[in-house]
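Novice:
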Amino acid sequence: MGNDIIDSIKSLNKNAIIKILQYSDEKQQQLFSIAREMRNNGKFGKKVELRSVIELSNICSQKCNYCSISKDKDSFYTLEKESVIERISQLADIGRKTFLLQSGENNNKKFIENVAYCCNKSIEKYPDLRIILCMGNLSYAQYKLLRESGASRYILKFETSNSEHHKFCRPTDSIENRLNHIKMLIDLGFKVGSGNIVGLPEQTFENLYEDLVLINKIDLTMVSATRFISNPQSVFRIYENGDLNLTLNYLAILRILKPDALIPSTTSLASRGVNGQLNGLLAGCNTVTIHDGTPDEFQQKYSIYSPKRFYPNEQYCRDIVTQCNLQPVPYLI
Ligand code: SF4
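The sequence shown begins at 708 in my numbering and counts up one residue at a time.
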């Protein structure tokens, strides 16, 4: 059965993949075990990248229906560049090497210049830092500036690949536009991350399969699948959370499809407890984000999933990695 699963996934066999997505119990455990083996025998073996996230600003020009970040203009914030550089230094001094600098989509000239300045200064001081940006759609010139400032990776999730479904979830953008931006980033030499959200309202198994086909087509270094979380302040608050097992199965399929990719186990996997990310690692993931970069007073204001989301600290991240018999490392690439 193991080889059948691998063959079906590698050949993108639609019917078989839709069945695999629905695996439970023993079959699901077998799927996870194959995914773990693919990861452990892949380029990075049993190493897991531990990165810190700094949420630079919650100002966003998009209006995704699953997010509430741009709802309350009174709570907008942007971190001062000095405070970002100081936070990176503090964490780099205790051994952190990979930083995810995340923000809403904001192409304000000064803001982008400040982010480039932070990347430049931090890399000047710590040449082996890895800076990952996740800042939405910007202009080619802005991506270029950021790339030249030393940021080496960029995450731009397409979220859902079906054109109509994309409009339903992200009415202020389009899949065509998103894919153009992913292409620009690849052309500029960024190592690019992308992926989808599993369990979005009105999403079908066909949609999930199409997302997989798209992921397989693009030259991605990092791939991801997060679970839809019903954010109580968003337009989609009336819908249930995405199914946890479906998301874990999707992650395992991604791992089998892309044995050498960086795949994050995210906080969206937490469910009735704090062990969701451990399950992600058991399904083949190999990166975990520590939420210790954003100053406490701003964390609640970065409300992509929900203001009440779980913020894993370093000890928690190290514990789940070692519990899975994996090795935490400061960077993979
Ligand atoms: S999900 Fe991202 S792009 Fe969409 S509204 Fe929220 S912060 Fe902006």
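Beta carbons are placed, not taken as given, at the ideal position from N, Cα and C, and that holds for glycine.
These numbers were taken from a predicted model, which means no experiment stands behind them.
(1) Residue 685 by DSSP, collapsed to three states: which one?
(2) Is it the case that the CB of residue 773 approaches a heavy atom of the ligand SF4 more closely than 8 Å?
(3) Could you tell me whether the stretch 721–739 touches the stretch 772–780, where touching means 3 or more Cβ pairs closer than 8 Å?
(4) Mind checking which residues open and close the alpha helix (DSSP H) that includes residue 739?
(5) To the nearest angstrom, how far is the alpha carbon of residue 745 from that of residue 976?
(6) With DSSP collapsed to three states, give me the class of residue 890.
(7) Please specify which runs of the alpha helix (DSSP H), each continuous and at least 4 residues long, are wholly inside the stretch 959–1025, giving them in chain order.
(8) I'd like to check one pair, residue 861 with residue 899: are the Cβ atoms closer than 9 Å?
(9) Whole angstroms is fine: what's the gap from residue 901's alpha carbon to residue 953's?
(10) For residue 742 versus residue 904, is the C-beta distance shorter than 9 Å?
(11) What's the call for residue 714, buried or exposed, on a 16-neighbour Cβ count within 10 Å?
(12) Rounded to the nearest angstrom, how far is the Cβ of residue 766 from that of residue 813, given a contact under 8 Å?
(13) Does DSSP put residue 900 in a helix, in a strand, or in coil?
(14) Taking three-plus beta-carbon pairs below 8 Å as touching, is the stretch 752–763 in contact with the stretch 983–994?
(15) Considering only C-alpha positions, which residue in the set 773, 793, 768, 760 is nearest to residue 945?
(16) Pull up the CB-CB distance for residue 804 and residue 1009, whole angstroms please, since I reckon it's below 8 Å.
(17) So residue 854 is in the alpha helix (DSSP H); what residue range does that whole segment cover?
(18) Residue 856 and residue 826 - do their beta-carbons sit closer together than 9 Å?
(19) Using the C-alpha atoms, what's the distance from residue 759 back to residue 1030?
(20) Let me make sure I understand the geometry here. Which of 933, 858, 1016, 907 has the alpha-carbon closest to that of residue 987?
(21) Please state the DSSP three-state secondary structure of residue 762.
(22) For residue 912, which of 720, 711, 710, 712 has the nearest alpha-carbon?
(23) Look at residue 906 and residue 761 and say whether their C-beta atoms are less than 9 Å apart.
(24) Please state whether DSSP places residue 1052 in a helix, a strand or coil.
(25) Shorter than 8 Å, the distance from the beta carbon of residue 812 to the closest heavy atom of the ligand SF4, or not?
(26) Can you check the stretch 778–858 for any alpha helix (DSSP H) of at least 4 residues that lies completely inside it and give the ranges in chain order?
(27) Just to confirm the assignment, what range does the beta strand (DSSP E) spanning residue 1036 have?
(28) Is the Cβ of residue 755 closer than 9 Å to any Cβ of chain D?
(29) Along the chain, where does the alpha helix (DSSP H) that runs through residue 870 open and close?
Specialist: To lay it out plainly:
(1) Here the chain has residues from 708 to 1040 only, and residue 685 is not among them.
(2) When distances are taken from the beta-carbon of residue 773 to the heavy atoms of the ligand SF4, the shortest one is below 8 Å.
(3) The stretch 721–739 vs the stretch 772–780: no contact.
(4) Residue range 732–747 is occupied by the alpha helix (DSSP H) that includes residue 739.
(5) Taking the straight line joining both Cα atoms gives about 21 Å.
(6) Of the three classes helix, strand and coil, the one that applies to residue 890 here is helix, per DSSP.
(7) Entirely contained in the stretch 959–1025, the alpha helix (DSSP H) runs reaching 4 residues are, in chain order, 983–989, 1003–1006.
(8) It is a contact, given that the beta carbons lie within the stated cut-off.
(9) Going by C-alpha positions, residue 901 is about 19 Å away from residue 953.
(10) Contact flag unset, no.
(11) In this structure residue 714 is exposed. Its beta-carbon is surrounded by fewer than 16 other beta-carbon atoms within 10 angstroms.
(12) Rounded, the Cβ-Cβ distance is 5 Å, consistent with contact.
(13) Strand at residue 900.
(14) Because the criterion of three Cβ pairs below 8 Å is met, the stretch 752–763 and the stretch 983–994 touch.
(15) The residue with the shortest Cα to Cα distance from residue 945 is 773.
(16) About 23 Å separates the CB atoms of residue 804 and residue 1009; that is not less than 8 Å, and the two are not in contact.
(17) Here the alpha helix (DSSP H) through residue 854 covers 847–855.
(18) A contact, by the Cβ cut-off of 9 Å.
(19) Taken atom to atom, the span from the alpha-carbon of residue 1030 to that of residue 759 is near 20 Å.
(20) The shortest Cα separation from residue 987 among 933, 858, 1016, 907 belongs to 933.
(21) Looking at residue 762 - three-state DSSP - the assignment turns out to be strand.
(22) The candidate whose alpha carbon is nearest that of residue 912 is 720.
(23) Going by C-beta atoms, residue 906 is not nearer than 9 Å to residue 761.
(24) Any property of residue 1052 remains undetermined from this structure, which presents the chain solely from 708 to 1040.
(25) Result yes, Cβ under 8 Å from the ligand SF4.
(26) Within the stretch 778–858, the runs of alpha helix (DSSP H) that reach at least 4 residues and sit entirely inside it are, in chain order, 788–800, 816–832, 847–855.
(27) Note, residue 1036: beta strand (DSSP E), 1034–1036.
(28) Reference to chain D is not applicable here, since this structure consists of a single protein chain.
(29) Taken as a continuous stretch (DSSP letters only), the alpha helix (DSSP H) holding residue 870 covers 870–876.
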